[in-house]
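K.L.:
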Amino acid sequence: MCLAVPGRVLEIAERDGTRMAVVDFGGVVKDVCLEYLPDLKVGEYAIVHVGFALQRLDEESARRTLQLFEELGLLQEEFGDPWEAAAAAAAASSAKQEEER
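Each number in the numbering used here comes from the position in the sequence shown (counting from 1) with 223 added on.
1) Grab me the residues of Ala236's own chain with a C-beta within less than 7 Å of its C-beta, minus the 5 sequence neighbours each way, in chain order.
2) Between Val252, Asp281 and Gly249, which lies nearest to Leu263 when the distance is taken from Cα to Cα?
3) Considering only their Cβ atoms, is the gap separating Gly274 from Val341 smaller than 7 Å?
4) Straight-line CA distance for Ala313 to Lys319?
5) Less than 7 Å between the C-beta atoms of Gly230 and Phe248, yes or no?
6) So Leu260 packs on Arg286, CB below 8 Å; how close in whole Å?
7) So what's Leu277 in DSSP terms, helix, strand or just coil?
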């Protein structure tokens, strides 16, 4: 699943001619493109989808949404450790192969 997740802008810089930000998604920090919201400032919140900030969001709405996503386990699903996910998938595949034997 690919969610649009609210995040708080921590830093802004231009990289290779593109306005980029470091954004905090409730403890998970990612790089985000700001080309769709060029006037976004440090400390503000935005809804981010597939690495692009799409819409400005007020802090209260962002915090409520992040809390709800966390309660539902959606943040782990969206931002979980890819190595952990790959290991779990490999273990499930091995277990299935053993079961079929």
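A virtual CB, placed ideally from N, CA and C, is assigned to each residue, including glycine. No experiment lies behind these values; they were computed from the predicted model shown.
P.N.:
Well, looking at it:
1) Closer than 7 Å at Cβ, skipping near neighbours: Met243.
2) Asp281
3) With the chain represented from 224 up to 324, any question about residue 341 goes unanswered, as that position is not in the structure.
4) Between the C-alpha atoms of Ala313 and Lys319 there is a straight-line separation of about 10 Å.
5) yes
6) Between Arg286 and Leu260 the Cβ distance is about 19 Å, and since that is not below 8 Å, they are no contact.
7) strand
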